[in-house]
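This note's numbering applies: residue 317 is where the sequence shown begins, and numbers increase by one.
Here a beta-carbon is modelled for each residue, glycine too, at the ideal position from N, C-alpha and C.
This one's a predicted model, so the numbers in the text were calculated from it and none came from an experiment.
Worksheet: the structure to be examined is printed underneath.
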Amino acid sequence: MLKQISKEHDSIVDDERTSNTVAALKQGILDNLFYVLGKRVEVSTDMDHFMALAYTVRDRILARWLTTREDYAKNNVRTVYYLSAEFLMGPYLASNILNLGIDDVIRQAAGELDLDLNHLIGQESEPGLGNGGLGRLAACYLDSLATLGVPAMGYGIRYEFGMFHQAIRDGWQVELTDYWLRYGNPWEIRRPQACVEVGFGGHTQSWADSFGEYKVLWTPDEVVKGVPFDTPIVGYRSGVANTLRLWRSEANESFYFDRFNSGDYEGAVGAKIFAENISKVLYPNDEEIRGKELRLQQQYFFTSCSLQDMIRRHETTGHSLENFHEQCAVQLNDTHPSIGVAELMRLLVDIHGFGWDKAWDITSHTFNYTNHTLLPEALERWSLPMFQSLLPRHLEIIYEINSRFLSLVRTKFPNDEARVARMSIIDEHGERYVRMAYLACVGSGHINGVAKLHTELLKSDVLRDFYELWPEKFINVTNGVTPRRWLAVANPEQSELMTSKIGHDWIGDLDQLSKLERYAEDSAFRSEWQGVQRAVKVRLAQYIAAKTGISVDPSSMFDAQVKRIHEYKRQHLNVLYILTQYYRQKKDPTLEISPRTFLFGGKAAPGYFMAKLIIKLITSVAEVINSDPEVNQHLKVVFLPDYNVTFGQLVYPAADLSEQISTAGKEASGTGNMKFAMNGALTIGTLDGANIEIRDAVGHENFFLFGLTAAEVVARKAAGYHPHQIYESNGALREVIDGIASGRFSRGDGSLFRPLVDGLLNSDPYLLFADYQTYVDCQDRVCKTYRDQEAWSKMSIYNAARMGQFSSDRSIRDYCKDIWNITRFEIGAGLPASK
Ligand code: GL2
C-alpha cells in the first residue's frame, strides 16, 4: 500500500506540483508561504517571500537529488568524499536557479506575484561556514563535481555560529556574532536516522584474545552524537544533485540520562554542554591554528562521523570493507581532517577486526592530502599531552604508524638519524607534538599543492624529506573557481554580452571564452564591453554609498584588494602607494593623475593585532584623503565592512584593477586573483601563487608585474636584509613612513601606528620596502595605461578570454584523472563507472 502511494506521489512530484511552468511556480510560492511558513500573503515580509521561493526551488531539486543517490547506489560507483572543516558556500538561491536552468520562468512567476527576483535573492544571508580561500575552494569544487556528474559528497561541520560579522567602529574592526540560522535554513534536511556516535577521552585496555591476537578496547569518557544535515548541491544543467553533509554535535541521550538518573546533575549538564559546544562556532583564524583543544575536538568529531558514515554506506550497498578504498576516495582538505588516517585504522582494526597490514593497505589507498599553505605557523601540530587525554587510542595508533614509517625511512636512508628525527610524526624537539601534516603525508596516496610554484616549494622546502622518500606521491593541481557563481551569477551584464557573441556554452566549458579573443580588436565590441563595465561599477558605487556613506565616481579606476587581512598579503604596501600618490598630489595639485578609487575588504583574525592595525591604518588614511578637497577629486579610499561571498559577487565584476601583491613564496595559490581576471580586471601582482600561471595564460603584456621572485626573497633575507637602509635612501618612502609615524593620519596620535612602522623599519619580514619602488613604478604604468581606455579594454578582454583553465571544472578533472582515478564522466543517467 505504502509503495503504491509512494509511486503515485513520485509521479506527482515529477509532473505537476514541481513542474517548471510559471503557473506551477507561482502556486508553489503561495503554497510554501502558507503551508510551510504559516503566513498569509497580506502579512508576509520580504524574508517570508525569500523563504517561500527557496522552498519552491528546493522542491524542484528533490526528485533529482534522490534519483542521483539511487543511481549512484545502483551503478556501484566509486565516490569522492571531500572532507573539509570549512565550506564557504555563499547564498544558494541564485546559483541553484541558474544551475537548474529555470531563471526565466522563476523571474516571470515572481513578477506575476509582484515580487522582484533580485530583491528576493538579496534577502538570503549566506552561511559563513569558512574563513576565506580554503573554504570557498571547497564550495567551488562541490559545484564542479556536481556539474561534471562525479559521484561525490562533501563532509564538514554545521557550525551554529559561522564567521563573525565585521563592523567598523572608529576605524577599528569589531566582531559581531553570526547567527546565520536565525530564520531557519530552507536548503537543509536533518537526517536523524543517520546519526553516529563519537567518543572522547577515557582510557584503553589491551589483551590477547583466544587466538593470540592483540586486541584493544577504548572506553571513552564522553560520547557525543553526530547528527547529519544534508544540503543538495545542484550541478549546472547536469541533472545531478550531490550532497553536502554537515554534522551537528548533540548530547547523546543515553549518556546524558544515565548521569541524570543517578543524581549526577552536574555531570549530566556538563556532558550536554561538552557535546553541544563542539559544533558551536567556527574558529575565525585563517592559516594559523594554535593549540586549542576544542579545535581538535571539532576535527576529530566531523572526521569520525564522516568515516563511520562512509563505512555504513559502503556496507549497505553490499560491499565488503576489504575493498573500501576501491569505492571511496577521500580527499583531506588541508590537515584539518588528517586525524582520519588514525581513525580509519581504529575503525578497521579495533571495530571491524582487520589485521594491521590489511587495514594499512586500505587506509593508505583511501586518503589523499591537499596542502594549502607555506606559512610555517599554519602547519598544524598538537601537544602530546592534550592529544593523549583527548584521543588516547589514536595516539597509540599514531605511534605504531610512526614506528613502521621510521623503519622505512631508515631502510631507505641508512645512517641518517637526523633525517629520521626530522620526519617523525612525533616532534621530539623540546615539548612533544603530533605533526598533522606528516601524518597526512604518511597516510595518503597523493599529496598535492594548489599552484605550480606552491607544489615546487613543497617539494624543495616544506615537505622536502617526504618528496625525497616518495617523489611519485607529489602532484600539482592548480586551484580553480566556478564560472557559474563568479561570472554567470555575479556578473549578468558581462555574461549576457559574452553569450550574445559566443553562445552560452562557456558557462559549462570555460575554455569557450577563447572565442572572445577576436573581439578584442573590434572597437564596437570594446565599447559594449566598456558600457557593461560602467554599469557594473555604478551598481557597486550605489552599494558603497548605501553602506558607508562614501560617494565614489564610477568613472574613476576601481582598484580592489579584497581578501583576509594578513601581513604577507601586504595590504599595507598598497597603503604606502596610496600615500605616495597623496603626497605627490599635495605637492603639485595640477598633477595629471587618473582618478582612482581604492577598495579594500577583508576580515582580520580577532587575535591578530597587526592585521587589525592595518585595518585601522586603511580607515585612517581614508578619513584624511576622502575629506581633503585638494585630493579627493582624484583619490578615494574605501574600506568595505564585512567582506563575504555575497559582497565578493559585487566587487569582482566591478574592479578594473586587481591587487595580488603578496610577498613571493607566501600565497599558496590565491583564488580571488582568478575571479577578478575572469571578470576582466587587470592584475598588478607579484610572481606568487597562481599569479604566475594567470600571467602566462593572459599574456605577459596584459599583466602588471613587479617585485622580487620567491628565490630572490630567500636570497635577500639570507644576505642580510636591512629595511632601514632602503628607508634612508628612498625619499618618497621616507616621506610616507614619516607621515604615518608623525600622526598625520591618526589625528595627531604619533604612537598609534608605531608598532607597524617600527616593525617595517626594523625587520620588515614581508619585504615591503624591498618591493616598494618597483611597486610604485608599476602603479605608474597602470595609471598611464588606464588613460588609454581602448588599450585598457583590449587588455581586459584578453584577460577574460584567456581564463578558461582557471575554471574549477578543470581542477576537478585534474583531481579525477591524477588523484582519484575516476575516468569516465557521463552526465545524468549513465554515471561514471567504478574503477
Ligand atoms: C589558503 C591559501 O592561503 C590560498 O593561497 C589558497 O588559494 C587557498 C585555497 O587553496 O588556501 N590556505 C589557507 O589556509 N587558507 C587559504 O585561503 N585559509
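Using alpha carbons as the reference points, say which of the options lies closest to residue i.
i, options, result
"LYS1133", "HIS1016, ALA645, GLU733", "ALA645"
"ASP486", "TYR1102, TYR959, ASP1096, VAL937", "VAL937"
"ILE977", "TYR599, GLN965, GLY1023", "GLY1023"
"VAL665", "THR679, GLY996, SER654, HIS652", "THR679"
"ILE934", "ASP459, THR395, ARG751, LEU1072", "LEU1072"
"ALA1117", "MET994, ALA804, VAL338", "MET994"
"LYS588", "LYS541, MET367, THR619, GLU844", "LYS541"
"LEU1174", "TRP496, ILE413, VAL550, ILE484", "Any answer about residue 1174 is impossible in this case: the structure gives the chain only from 317 up to 1151."
"ILE714", "GLY656, GLN521, THR727", "GLY656"
"SER1127", "GLN877, CYS757, ASP459", "ASP459"
"ASP944", "SER843, ARG1060, ALA970", "ARG1060"
"SER636", "PHE670, HIS652, SER654, ARG452", "PHE670"
"TYR530", "VAL543, THR520, ASP537, VAL539", "THR520"
"VAL543", "HIS668, SER622, LEU829, THR334", "SER622"
Do residue i and residue j have their CB atoms nearer than 8 Å?
i, j, result
"ALA836", "THR794", "no"
"GLY761", "PHE683", "yes"
"GLY796", "THR463", "no"
"PHE545", "ARG575", "no"
"LEU690", "LYS879", "no"
"ASN984", "GLY765", "One detail in the question is off: residue 984 reads as Ala in this sequence, not Asn. Yes; because the gap between Cβ atoms is below 8 Å, this pair is in contact."
"TYR475", "LEU598", "yes"
"TYR397", "MET469", "yes"
"SER974", "ALA997", "yes"
"VAL953", "PHE992", "no"
"PHE790", "LEU773", "no"
"HIS365", "LEU431", "yes"
"PHE1020", "CYS1094", "yes"
"LYS342", "GLU428", "yes"
"ASN649", "THR619", "no"
"TRP496", "ARG374", "no"
"ILE1010", "VAL1098", "no"
Give the DSSP bridge partners of residue i, in chain order.
i, result
"ALA483", "VAL490"
"VAL308", "Only positions 317 to 1151 of the chain appear in the structure, and residue 308 is not among them; the question remains open."
"TRP822", "Paired residues: none, contrary to the question."
"SER839", "For SER839, which the question treats as bridged, DSSP gives no partner whatsoever."
"PRO548", "THR559"
"ASP743", "TYR749"
"PHE571", "According to DSSP, which records beta bridges pairwise, PHE571 is partnered with nothing at all."
"THR395", "CYS644"
"ASN792", "GLY765"
"LYS1172", "Given that the chain is displayed from residue 317 to residue 1151, the structure contains no residue 1172 and the question cannot be resolved."
Any heavy atom of the ligand GL2 closer than 7 Å to the beta-carbon of residue i?
i, result
"LEU453", "yes"
"VAL793", "no"
"THR1002", "no"
"LEU1049", "no"
"SER460", "no"
"ASN960", "no"
"SER1153", "Because the chain is modelled from 317 through 1151, residue 1153 falls outside the range shown and cannot be assessed."
"ASP1074", "no"
"GLU642", "no"
"GLU1009", "no"
"ASP777", "no"
"VAL766", "yes"
"ASN639", "no"
"GLU609", "no"
"ALA694", "yes"
"GLU603", "yes"
"GLY1005", "yes"
"LEU450", "yes"
"ASN447", "yes"
"HIS652", "no"
"THR689", "yes"
Counting only beta-carbon separations shorter than 8 Å, does residue i have a partner in chain D?
i, result
"ASP1125", "Given the protein chain composition of this structure (a single chain), no chain D is represented."
Handout entry: Length-filtered (4 minimum) alpha helix (DSSP H) runs lying within the region 1037 to 1063
Key = 1039 to 1045, 1047 to 1058
Item checked: Ranges of the alpha helix (DSSP H) found wholly within the region 593 to 669, counting only runs of at least 4 -> 609 to 632, 640 to 643, 656 to 662
Hey, which unbroken runs of the alpha helix (DSSP H) at 4 residues or more fall wholly within the region 1094 to 1147? 1105 to 1117, 1124 to 1130
At 3 residues or longer, what runs of the beta strand (DSSP E) sit wholly inside the region 434 to 477? 468 to 473
Fill in: Every unbroken beta strand (DSSP E) within the region 676 to 756, with a cutoff of 3 residues, ordered by chain
683 to 686, 697 to 699, 749 to 751
TODO: Would you list, in sequence order, the uninterrupted alpha helix (DSSP H) runs of no fewer than 4 residues that lie entirely inside the region 955 to 1018?
DONE: 961 to 970, 988 to 994, 1007 to 1014
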